[in-house]
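Numbering (the numbering used here), first residue to last: 382 to 787.
Right, one structure below, let's go through it.
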Amino acid sequence: MPGILVDTDLPYLDIASPEFAMNSEAVRDARSRSWVARTNYGFGVLRYREVTELLKHPSLNQGSAKWPELNGVHSGLFHEWWSKNLLVLEGDEHHRIRRLLNPAFSPTQARRLEPEFAQIATELIDEMVALQASGAEVDFVAAFAEPFATRALCAMLGLSHEHWPFIADRANTVGYALAVSIKDDIERIDVAVQELYDFVEQLITERRANPGQDVVSRLVQFSADGDKLSDAELRNALVLMLFGGMDTTRNQIGLILQTFMRNPEQWEKLADRPEELAKPALEEGLRVNPTTRWVTREANEDFEYEGLQIAKGTTVHLFTMSSGTDPEAFPNPEIDIDAEDRKPHQTFGGGVHHCLGHYIARADMGIALPMLAQRIAEVACPGGDEWLPDSGNHGPVKLPITFTVR
382 MPGILVDTDL PYLDIASPEF AMNSEAVRDA RSRSWVARTN YGFGVLRYRE VTELLKHPSL
442 NQGSAKWPEL NGVHSGLFHE WWSKNLLVLE GDEHHRIRRL LNPAFSPTQA RRLEPEFAQI
502 ATELIDEMVA LQASGAEVDF VAAFAEPFAT RALCAMLGLS HEHWPFIADR ANTVGYALAV
562 SIKDDIERID VAVQELYDFV EQLITERRAN PGQDVVSRLV QFSADGDKLS DAELRNALVL
622 MLFGGMDTTR NQIGLILQTF MRNPEQWEKL ADRPEELAKP ALEEGLRVNP TTRWVTREAN
682 EDFEYEGLQI AKGTTVHLFT MSSGTDPEAF PNPEIDIDAE DRKPHQTFGG GVHHCLGHYI
742 ARADMGIALP MLAQRIAEVA CPGGDEWLPD SGNHGPVKLP ITFTVR
(Lines of atoms letter the chains of each structure in order from A and count residues from 1; the text may use other names and numbers.)
(Lines give C-alpha, C1' and ligand atoms only; values in the text may rest on other atoms or scores of the structure.)
Protein backbone atom coordinates (compact mmCIF):
# COMPACT_ATOMS: atom_id res chain seq x y z
CA MET A 1 0.00 0.00 0.00
CA PRO A 2 1.36 3.45 -0.80
CA GLY A 3 1.84 5.88 2.05
CA ILE A 4 -0.61 8.71 2.59
CA LEU A 5 0.33 11.72 0.46
CA VAL A 6 0.34 15.08 2.20
CA ASP A 7 -0.77 17.96 -0.04
CA THR A 8 2.03 20.24 1.08
CA ASP A 9 4.64 17.66 0.03
CA LEU A 10 3.42 17.69 -3.55
CA PRO A 11 4.89 19.90 -6.29
CA TYR A 12 2.78 22.96 -7.20
CA LEU A 13 1.94 24.20 -10.71
CA ASP A 14 0.35 27.60 -11.40
CA ILE A 15 -1.80 26.57 -14.36
CA ALA A 16 -3.60 29.95 -14.42
CA SER A 17 -0.39 31.83 -15.20
CA PRO A 18 -0.11 33.15 -18.78
CA GLU A 19 3.44 31.77 -18.75
CA PHE A 20 2.37 28.22 -17.83
CA ALA A 21 3.39 25.67 -20.45
CA MET A 22 2.75 21.95 -20.39
CA ASN A 23 5.95 21.37 -22.35
CA SER A 24 8.16 22.95 -19.68
CA GLU A 25 10.87 22.00 -17.24
CA ALA A 26 8.49 22.84 -14.39
CA VAL A 27 6.05 20.13 -15.49
CA ARG A 28 8.79 17.62 -16.26
CA ASP A 29 10.38 18.27 -12.86
CA ALA A 30 7.03 17.83 -11.11
CA ARG A 31 6.45 14.57 -13.02
CA SER A 32 9.85 13.24 -12.01
CA ARG A 33 9.08 13.96 -8.34
CA SER A 34 5.49 12.75 -8.13
CA TRP A 35 2.60 11.29 -10.11
CA VAL A 36 0.44 14.22 -8.98
CA ALA A 37 0.83 17.97 -8.37
CA ARG A 38 -1.25 20.62 -6.65
CA THR A 39 -2.63 23.36 -8.92
CA ASN A 40 -4.79 26.49 -8.62
CA TYR A 41 -7.75 24.27 -9.52
CA GLY A 42 -7.37 21.00 -7.62
CA PHE A 43 -4.86 18.33 -8.60
CA GLY A 44 -2.93 17.70 -11.80
CA VAL A 45 -2.11 14.06 -12.63
CA LEU A 46 1.20 13.81 -14.48
CA ARG A 47 2.02 10.19 -15.35
CA TYR A 48 0.68 7.71 -17.88
CA ARG A 49 -0.44 4.85 -15.63
CA GLU A 50 -2.33 7.09 -13.22
CA VAL A 51 -3.96 9.13 -16.01
CA THR A 52 -5.05 5.92 -17.75
CA GLU A 53 -6.65 4.55 -14.58
CA LEU A 54 -8.30 7.81 -13.52
CA LEU A 55 -9.83 8.44 -16.96
CA LYS A 56 -12.12 5.49 -16.20
CA HIS A 57 -12.38 5.80 -12.42
CA PRO A 58 -15.99 5.50 -11.17
CA SER A 59 -15.41 8.17 -8.49
CA LEU A 60 -14.72 10.83 -11.13
CA ASN A 61 -17.23 12.62 -13.36
CA GLN A 62 -16.44 14.82 -16.34
CA GLY A 63 -15.23 17.96 -14.61
CA SER A 64 -15.82 20.86 -16.99
CA ALA A 65 -19.41 21.62 -15.97
CA LYS A 66 -18.35 24.25 -13.43
CA TRP A 67 -15.73 25.88 -15.65
CA PRO A 68 -17.79 29.04 -16.36
CA GLU A 69 -18.71 29.52 -12.65
CA LEU A 70 -15.11 28.96 -11.52
CA ASN A 71 -14.16 31.88 -13.76
CA GLY A 72 -16.96 34.25 -12.80
CA VAL A 73 -19.57 33.48 -15.50
CA HIS A 74 -22.92 32.55 -13.92
CA SER A 75 -25.48 33.28 -16.66
CA GLY A 76 -25.92 34.07 -20.34
CA LEU A 77 -26.19 32.11 -23.58
CA PHE A 78 -22.80 30.43 -23.36
CA HIS A 79 -23.46 29.41 -19.74
CA GLU A 80 -26.84 27.94 -20.76
CA TRP A 81 -25.41 26.06 -23.76
CA TRP A 82 -22.39 24.79 -21.82
CA SER A 83 -24.57 23.35 -19.04
CA LYS A 84 -26.53 21.24 -21.54
CA ASN A 85 -23.96 20.01 -24.05
CA LEU A 86 -22.63 16.48 -24.23
CA LEU A 87 -19.23 17.43 -22.81
CA VAL A 88 -20.63 18.02 -19.33
CA LEU A 89 -23.66 15.72 -19.12
CA GLU A 90 -23.48 12.63 -16.90
CA GLY A 91 -25.29 9.35 -16.26
CA ASP A 92 -28.43 8.36 -18.14
CA GLU A 93 -28.78 11.74 -19.84
CA HIS A 94 -25.24 11.55 -21.21
CA HIS A 95 -25.73 7.95 -22.36
CA ARG A 96 -29.01 8.81 -24.13
CA ILE A 97 -27.66 11.84 -26.03
CA ARG A 98 -24.49 9.98 -26.98
CA ARG A 99 -26.45 6.98 -28.27
CA LEU A 100 -28.60 9.24 -30.45
CA LEU A 101 -25.53 11.05 -31.84
CA ASN A 102 -23.44 7.92 -32.50
CA PRO A 103 -24.63 7.27 -36.10
CA ALA A 104 -23.20 10.60 -37.20
CA PHE A 105 -19.69 9.65 -36.10
CA SER A 106 -19.30 6.04 -37.17
CA PRO A 107 -16.20 4.60 -38.93
CA THR A 108 -18.38 4.11 -42.02
CA GLN A 109 -19.32 7.78 -42.02
CA ALA A 110 -15.64 8.72 -41.65
CA ARG A 111 -14.58 6.53 -44.60
CA ARG A 112 -17.37 7.94 -46.77
CA LEU A 113 -15.95 11.43 -46.29
CA GLU A 114 -12.30 10.62 -47.05
CA PRO A 115 -12.42 11.42 -50.81
CA GLU A 116 -13.87 14.86 -50.09
CA PHE A 117 -11.26 15.45 -47.35
CA ALA A 118 -8.55 14.61 -49.91
CA GLN A 119 -10.02 17.00 -52.46
CA ILE A 120 -10.08 19.84 -49.92
CA ALA A 121 -6.48 19.16 -48.89
CA THR A 122 -5.31 19.11 -52.52
CA GLU A 123 -6.92 22.48 -53.25
CA LEU A 124 -5.46 24.12 -50.17
CA ILE A 125 -1.94 22.74 -50.69
CA ASP A 126 -2.02 23.97 -54.31
CA GLU A 127 -3.05 27.43 -53.07
CA MET A 128 -0.36 27.40 -50.38
CA VAL A 129 2.33 26.50 -52.92
CA ALA A 130 1.13 29.24 -55.28
CA LEU A 131 1.09 31.76 -52.42
CA GLN A 132 4.73 31.12 -51.56
CA ALA A 133 5.69 31.21 -55.26
CA SER A 134 4.18 34.71 -55.46
CA GLY A 135 6.52 35.89 -52.73
CA ALA A 136 3.79 36.30 -50.10
CA GLU A 137 4.09 35.03 -46.53
CA VAL A 138 2.39 31.69 -45.93
CA ASP A 139 0.62 31.50 -42.58
CA PHE A 140 -0.12 27.79 -42.16
CA VAL A 141 -3.13 28.49 -39.92
CA ALA A 142 -4.82 30.88 -42.36
CA ALA A 143 -3.72 29.06 -45.52
CA PHE A 144 -4.35 25.47 -44.51
CA ALA A 145 -5.22 24.45 -40.93
CA GLU A 146 -8.28 26.66 -40.42
CA PRO A 147 -9.88 26.35 -43.87
CA PHE A 148 -9.16 22.60 -43.98
CA ALA A 149 -10.70 21.96 -40.55
CA THR A 150 -13.76 24.07 -41.30
CA ARG A 151 -14.33 22.86 -44.85
CA ALA A 152 -14.00 19.24 -43.64
CA LEU A 153 -16.73 20.08 -41.16
CA CYS A 154 -18.85 21.54 -43.99
CA ALA A 155 -18.39 18.27 -45.91
CA MET A 156 -19.50 16.29 -42.88
CA LEU A 157 -22.59 18.44 -42.35
CA GLY A 158 -23.51 18.67 -46.03
CA LEU A 159 -22.95 22.44 -46.10
CA SER A 160 -21.80 24.60 -48.98
CA HIS A 161 -18.14 25.48 -48.43
CA GLU A 162 -18.99 29.16 -48.71
CA HIS A 163 -20.06 28.96 -45.06
CA TRP A 164 -16.60 28.12 -43.74
CA PRO A 165 -15.40 31.69 -42.91
CA PHE A 166 -18.56 32.34 -40.84
CA ILE A 167 -18.21 29.05 -38.95
CA ALA A 168 -14.49 29.54 -38.33
CA ASP A 169 -14.96 33.07 -37.04
CA ARG A 170 -17.77 32.20 -34.60
CA ALA A 171 -16.03 29.01 -33.45
CA ASN A 172 -12.84 30.98 -32.82
CA THR A 173 -14.80 33.36 -30.63
CA VAL A 174 -16.44 30.56 -28.64
CA GLY A 175 -12.95 29.13 -28.14
CA TYR A 176 -12.09 32.05 -25.85
CA ALA A 177 -14.50 30.49 -23.34
CA LEU A 178 -11.96 27.73 -22.65
CA ALA A 179 -9.29 30.14 -21.45
CA VAL A 180 -9.01 31.41 -17.89
CA SER A 181 -9.83 34.89 -19.27
CA ILE A 182 -13.39 33.81 -20.23
CA LYS A 183 -15.03 36.57 -18.17
CA ASP A 184 -13.25 39.28 -20.17
CA ASP A 185 -14.66 37.96 -23.45
CA ILE A 186 -18.07 36.65 -22.38
CA GLU A 187 -20.16 39.31 -24.18
CA ARG A 188 -18.76 38.49 -27.61
CA ILE A 189 -18.80 34.76 -26.78
CA ASP A 190 -22.54 35.00 -26.07
CA VAL A 191 -23.11 36.82 -29.39
CA ALA A 192 -21.21 34.08 -31.25
CA VAL A 193 -23.28 31.34 -29.56
CA GLN A 194 -26.50 33.12 -30.59
CA GLU A 195 -25.32 33.40 -34.19
CA LEU A 196 -24.42 29.70 -34.24
CA TYR A 197 -27.84 28.88 -32.73
CA ASP A 198 -29.55 30.80 -35.54
CA PHE A 199 -27.38 29.11 -38.17
CA VAL A 200 -28.04 25.53 -37.02
CA GLU A 201 -31.76 26.10 -36.46
CA GLN A 202 -32.07 27.14 -40.10
CA LEU A 203 -29.98 24.11 -41.09
CA ILE A 204 -32.24 21.74 -39.13
CA THR A 205 -35.33 23.24 -40.79
CA GLU A 206 -33.80 22.79 -44.25
CA ARG A 207 -32.75 19.16 -43.62
CA ARG A 208 -36.20 18.26 -42.32
CA ALA A 209 -37.70 19.58 -45.53
CA ASN A 210 -35.03 18.16 -47.87
CA PRO A 211 -32.98 15.38 -46.22
CA GLY A 212 -29.77 14.13 -47.82
CA GLN A 213 -26.90 11.77 -46.88
CA ASP A 214 -25.15 14.22 -44.56
CA VAL A 215 -24.81 14.03 -40.79
CA VAL A 216 -27.55 16.56 -40.02
CA SER A 217 -30.07 14.67 -42.16
CA ARG A 218 -29.17 11.43 -40.40
CA LEU A 219 -29.57 12.99 -36.95
CA VAL A 220 -32.89 14.63 -37.86
CA GLN A 221 -34.28 11.26 -38.95
CA PHE A 222 -32.57 8.87 -36.52
CA SER A 223 -34.43 7.32 -33.63
CA ALA A 224 -33.54 4.54 -31.19
CA ASP A 225 -36.38 2.59 -29.58
CA GLY A 226 -38.72 5.41 -30.54
CA ASP A 227 -36.51 8.07 -28.89
CA LYS A 228 -35.27 11.07 -30.88
CA LEU A 229 -33.25 14.18 -30.14
CA SER A 230 -35.44 17.18 -29.36
CA ASP A 231 -34.94 20.37 -31.37
CA ALA A 232 -33.02 21.94 -28.47
CA GLU A 233 -30.82 18.84 -28.01
CA LEU A 234 -30.05 18.70 -31.72
CA ARG A 235 -29.27 22.43 -31.81
CA ASN A 236 -26.92 22.18 -28.84
CA ALA A 237 -25.16 19.15 -30.34
CA LEU A 238 -24.66 20.83 -33.72
CA VAL A 239 -23.22 23.96 -32.13
CA LEU A 240 -20.80 21.70 -30.25
CA MET A 241 -19.85 20.03 -33.54
CA LEU A 242 -19.24 23.38 -35.24
CA PHE A 243 -17.14 24.64 -32.37
CA GLY A 244 -15.31 21.48 -31.35
CA GLY A 245 -14.84 20.08 -34.83
CA MET A 246 -13.19 23.23 -36.17
CA ASP A 247 -11.25 24.39 -33.12
CA THR A 248 -9.58 21.13 -32.16
CA THR A 249 -8.74 19.98 -35.70
CA ARG A 250 -7.26 23.35 -36.70
CA ASN A 251 -5.13 23.51 -33.57
CA GLN A 252 -4.06 19.88 -33.80
CA ILE A 253 -2.90 20.09 -37.42
CA GLY A 254 -0.80 23.12 -36.54
CA LEU A 255 0.73 21.36 -33.54
CA ILE A 256 1.53 18.25 -35.55
CA LEU A 257 3.28 20.35 -38.20
CA GLN A 258 5.26 22.04 -35.41
CA THR A 259 6.32 18.60 -34.15
CA PHE A 260 7.50 17.51 -37.59
CA MET A 261 9.35 20.81 -38.14
CA ARG A 262 11.34 19.92 -35.03
CA ASN A 263 11.85 16.36 -36.33
CA PRO A 264 12.47 16.71 -40.10
CA GLU A 265 13.82 13.17 -40.45
CA GLN A 266 10.38 11.90 -39.36
CA TRP A 267 8.73 14.12 -41.99
CA GLU A 268 10.94 12.59 -44.68
CA LYS A 269 10.02 9.07 -43.56
CA LEU A 270 6.34 9.98 -43.89
CA ALA A 271 6.91 11.48 -47.34
CA ASP A 272 8.74 8.33 -48.50
CA ARG A 273 6.18 5.85 -47.10
CA PRO A 274 2.88 7.75 -46.84
CA GLU A 275 0.48 4.81 -47.00
CA GLU A 276 2.42 2.77 -44.46
CA LEU A 277 3.16 5.60 -42.02
CA ALA A 278 0.10 7.89 -42.28
CA LYS A 279 -1.64 6.31 -39.29
CA PRO A 280 1.37 6.04 -36.94
CA ALA A 281 2.50 9.56 -37.90
CA LEU A 282 -0.88 10.94 -36.85
CA GLU A 283 -1.04 8.91 -33.64
CA GLU A 284 2.48 9.92 -32.64
CA GLY A 285 1.71 13.58 -33.36
CA LEU A 286 -1.40 13.32 -31.20
CA ARG A 287 0.57 11.68 -28.41
CA VAL A 288 3.50 14.08 -28.08
CA ASN A 289 1.79 17.40 -28.89
CA PRO A 290 -1.98 17.28 -28.26
CA THR A 291 -4.23 20.33 -28.52
CA THR A 292 -6.13 19.22 -25.42
CA ARG A 293 -3.35 19.59 -22.87
CA TRP A 294 -5.44 18.18 -20.04
CA VAL A 295 -8.78 16.47 -19.42
CA THR A 296 -10.80 17.64 -16.42
CA ARG A 297 -12.67 15.44 -13.98
CA GLU A 298 -14.49 16.09 -10.69
CA ALA A 299 -14.75 13.76 -7.70
CA ASN A 300 -18.35 12.60 -7.21
CA GLU A 301 -17.52 11.18 -3.74
CA ASP A 302 -14.70 11.13 -1.22
CA PHE A 303 -12.13 8.51 -2.24
CA GLU A 304 -8.48 7.55 -1.92
CA TYR A 305 -6.19 6.86 -4.85
CA GLU A 306 -2.54 5.87 -4.53
CA GLY A 307 -2.39 7.34 -1.03
CA LEU A 308 -4.00 10.65 -2.03
CA GLN A 309 -7.20 11.62 -0.23
CA ILE A 310 -9.54 13.24 -2.78
CA ALA A 311 -12.62 14.96 -1.38
CA LYS A 312 -15.98 15.08 -3.16
CA GLY A 313 -16.10 18.11 -5.47
CA THR A 314 -12.33 18.26 -5.98
CA THR A 315 -11.18 19.06 -9.51
CA VAL A 316 -8.72 16.55 -10.95
CA HIS A 317 -6.89 17.49 -14.15
CA LEU A 318 -5.47 14.59 -16.14
CA PHE A 319 -2.43 16.03 -17.94
CA THR A 320 -2.59 14.06 -21.18
CA MET A 321 0.43 15.79 -22.73
CA SER A 322 2.59 15.03 -19.71
CA SER A 323 1.33 11.44 -19.58
CA GLY A 324 1.91 11.00 -23.32
CA THR A 325 5.61 11.74 -22.91
CA ASP A 326 6.04 10.00 -19.54
CA PRO A 327 9.43 8.20 -19.74
CA GLU A 328 8.11 5.42 -17.49
CA ALA A 329 5.56 4.53 -20.18
CA PHE A 330 7.58 5.66 -23.21
CA PRO A 331 11.33 5.04 -22.62
CA ASN A 332 11.98 7.06 -25.79
CA PRO A 333 9.21 9.65 -25.50
CA GLU A 334 10.14 11.63 -28.63
CA ILE A 335 8.09 11.17 -31.80
CA ASP A 336 8.98 7.97 -33.65
CA ILE A 337 6.62 6.99 -36.44
CA ASP A 338 8.48 3.69 -36.94
CA ALA A 339 8.09 2.67 -33.30
CA GLU A 340 6.60 -0.71 -32.53
CA ASP A 341 4.19 -1.59 -29.73
CA ARG A 342 3.48 1.98 -28.67
CA LYS A 343 0.98 2.31 -25.85
CA PRO A 344 -2.26 4.09 -26.85
CA HIS A 345 -2.28 7.83 -26.18
CA GLN A 346 -5.04 9.60 -24.24
CA THR A 347 -5.51 12.64 -26.45
CA PHE A 348 -9.16 11.74 -27.13
CA GLY A 349 -9.82 11.12 -23.44
CA GLY A 350 -11.17 7.83 -22.15
CA GLY A 351 -14.01 6.08 -20.40
CA VAL A 352 -17.61 7.12 -21.07
CA HIS A 353 -16.43 10.59 -22.15
CA HIS A 354 -14.06 9.34 -24.85
CA CYS A 355 -14.26 11.80 -27.76
CA LEU A 356 -17.32 10.99 -29.87
CA GLY A 357 -15.78 12.48 -33.02
CA HIS A 358 -12.44 10.66 -32.96
CA TYR A 359 -13.14 8.59 -36.11
CA ILE A 360 -13.89 11.75 -38.11
CA ALA A 361 -10.89 13.59 -36.63
CA ARG A 362 -8.57 10.70 -37.44
CA ALA A 363 -10.00 10.49 -40.97
CA ASP A 364 -9.55 14.15 -41.93
CA MET A 365 -6.14 14.66 -40.29
CA GLY A 366 -4.99 11.21 -41.45
CA ILE A 367 -5.73 12.26 -45.04
CA ALA A 368 -4.16 15.73 -44.77
CA LEU A 369 -0.90 14.84 -43.06
CA PRO A 370 0.68 12.50 -45.64
CA MET A 371 -0.55 14.72 -48.48
CA LEU A 372 1.32 17.65 -46.96
CA ALA A 373 4.46 15.55 -46.48
CA GLN A 374 4.37 14.39 -50.11
CA ARG A 375 4.14 17.96 -51.42
CA ILE A 376 6.34 20.12 -49.19
CA ALA A 377 9.77 19.63 -47.58
CA GLU A 378 12.22 21.57 -45.39
CA VAL A 379 9.32 23.19 -43.54
CA ALA A 380 10.49 25.91 -41.15
CA CYS A 381 9.05 28.83 -39.20
CA PRO A 382 11.06 32.04 -39.71
CA GLY A 383 9.40 33.73 -36.71
CA GLY A 384 6.29 35.78 -36.08
CA ASP A 385 4.35 32.81 -34.76
CA GLU A 386 1.64 33.34 -32.11
CA TRP A 387 0.15 30.67 -29.83
CA LEU A 388 -2.90 30.13 -27.68
CA PRO A 389 -2.26 29.65 -23.94
CA ASP A 390 -1.86 26.17 -22.54
CA SER A 391 -5.25 26.39 -20.82
CA GLY A 392 -8.13 25.25 -22.99
CA ASN A 393 -7.23 23.96 -26.44
CA HIS A 394 -3.65 24.90 -27.30
CA GLY A 395 -2.45 25.61 -30.82
CA PRO A 396 -1.10 28.26 -33.17
CA VAL A 397 -2.96 31.52 -33.78
CA LYS A 398 -0.43 32.33 -36.50
CA LEU A 399 2.27 30.05 -37.90
CA PRO A 400 4.29 31.56 -40.77
CA ILE A 401 6.20 28.86 -42.64
CA THR A 402 8.68 28.49 -45.46
CA PHE A 403 9.14 25.29 -47.43
CA THR A 404 10.44 23.76 -50.62
CA VAL A 405 8.14 22.01 -53.08
CA ARG A 406 8.88 18.39 -53.92
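All residues carry an ideal CB built from backbone N, CA and C; glycine is no exception.
For clarity, every value in this text was computed on a predicted model and none was experimentally measured.
- Residue 454 carries a coil assignment under DSSP once its states are collapsed to helix, strand and coil.
- Residue 740 carries a helical assignment under DSSP once its states are collapsed to helix, strand and coil.
- Cβ atoms of residue 742 and residue 498 stay farther apart than 8 Å, at about 11 Å.
- Beta-carbon to beta-carbon, residue 393 and residue 698 are separated by about 13 Å, too far to satisfy the 8 Å threshold.
- In terms of CA proximity to residue 760, 635 leads the group 527, 437, 635.
- Contact between residue 673 and residue 701 holds: their C-beta atoms lie close to 6 Å from each other, under 8 Å.
- Looking at the DSSP output, residue 782 shares a beta bridge with 519.
- Beta-bridge partners assigned by DSSP to residue 426: 417, 699.
- Residue pairing of residue 691 in beta bridges, as defined by DSSP: 684.
- Under the three-state reduction of DSSP, residue 404 is assigned to coil, being neither helix nor strand.
- Taking 8 Å as the cut-off, the beta carbon of residue 581 is found closer than this to the beta carbon of residue 620.
- Between the C-alpha atoms of residue 557 and residue 550 there is a straight-line separation of about 12 Å.
- In this structure the segment 510-528 does not touch the segment 481-492; the number of beta carbon pairs closer than 8 Å is below three.
- The beta carbon of residue 433 sits closer than 8 Å to the beta carbons of 704, 727, 731 from its chain, once the five residues preceding and following it are set aside; these are given in chain order.
- Around the C-beta of residue 454, 16 or more other C-beta atoms lie within 10 Å, and the residue is accordingly described as buried.
- With distances taken between CA atoms, residue 775 lies nearest to 630 out of 596, 683, 753, 630.
- In this structure, 441 is the residue among 735, 492, 441, 763 with its C-alpha nearest to the C-alpha of residue 684.
- For residue 759, there is no enclosing alpha helix (DSSP H); the residue is part of the beta strand (DSSP E) that begins and ends at 757-761.
- Residue 444 sits buried, since 16 or more C-beta atoms from the chains shown fall within 10 Å of its C-beta.
- The Cβ atoms of residue 598 and residue 539 lie closer than 8 Å to each other.
- As far as DSSP is concerned, residue 462 takes part in no beta bridge.
- Between residue 754 and residue 613 a beta carbon distance of about 43 Å is seen, past the 8 Å cut, so the two are scored as non-contacting.
- Of the candidates 561, 691, 516, 657, the residue whose Cα lies closest to the Cα of residue 784 is 516.
- Per the Cβ contact rule, the segment 581-592 is not in contact with the segment 474-485 (fewer than 3 Cβ pairs under 8 Å).
- Here residue 728 carries a coil assignment [DSSP, helix/strand/coil].
- Put simply, of 561, 532, 586, 569 the residue whose alpha carbon is nearest the alpha carbon of residue 457 is 569.
- Contact annotation, residue 778 with residue 510: C-beta distance approximately 23 Å; criterion of less than 8 Å not satisfied.
- Residue pairing by DSSP places residue 679 opposite 442, 696 in a beta bridge.
- For residue 577, the three-state secondary structure derived from DSSP is helix.
- In chain order, 399, 401, 560, 561 place their CB closer than 8 Å to the CB of residue 770, counting only its own chain and leaving out the 5 sequence neighbours on each side.
- For residue 767, the three-state secondary structure derived from DSSP is strand.
- Less than 8 Å divides the Cβ of residue 531 from the Cβ of residue 548.
- Setting aside the 5 residues that flank it on each side, residue 693 is surrounded in the same chain by 680, 681, 682, 683, each with a C-beta closer than 7 Å to its C-beta; the list follows chain order.
- If you check the CB distance, residue 470 and residue 600 do not come in under 8 Å.
- Remark: C-beta atoms of residue 710 and residue 430 approach each other more closely than 8 Å.
- Assignment of residue 608 by DSSP, reduced to helix, strand and coil, places it in the strand class.
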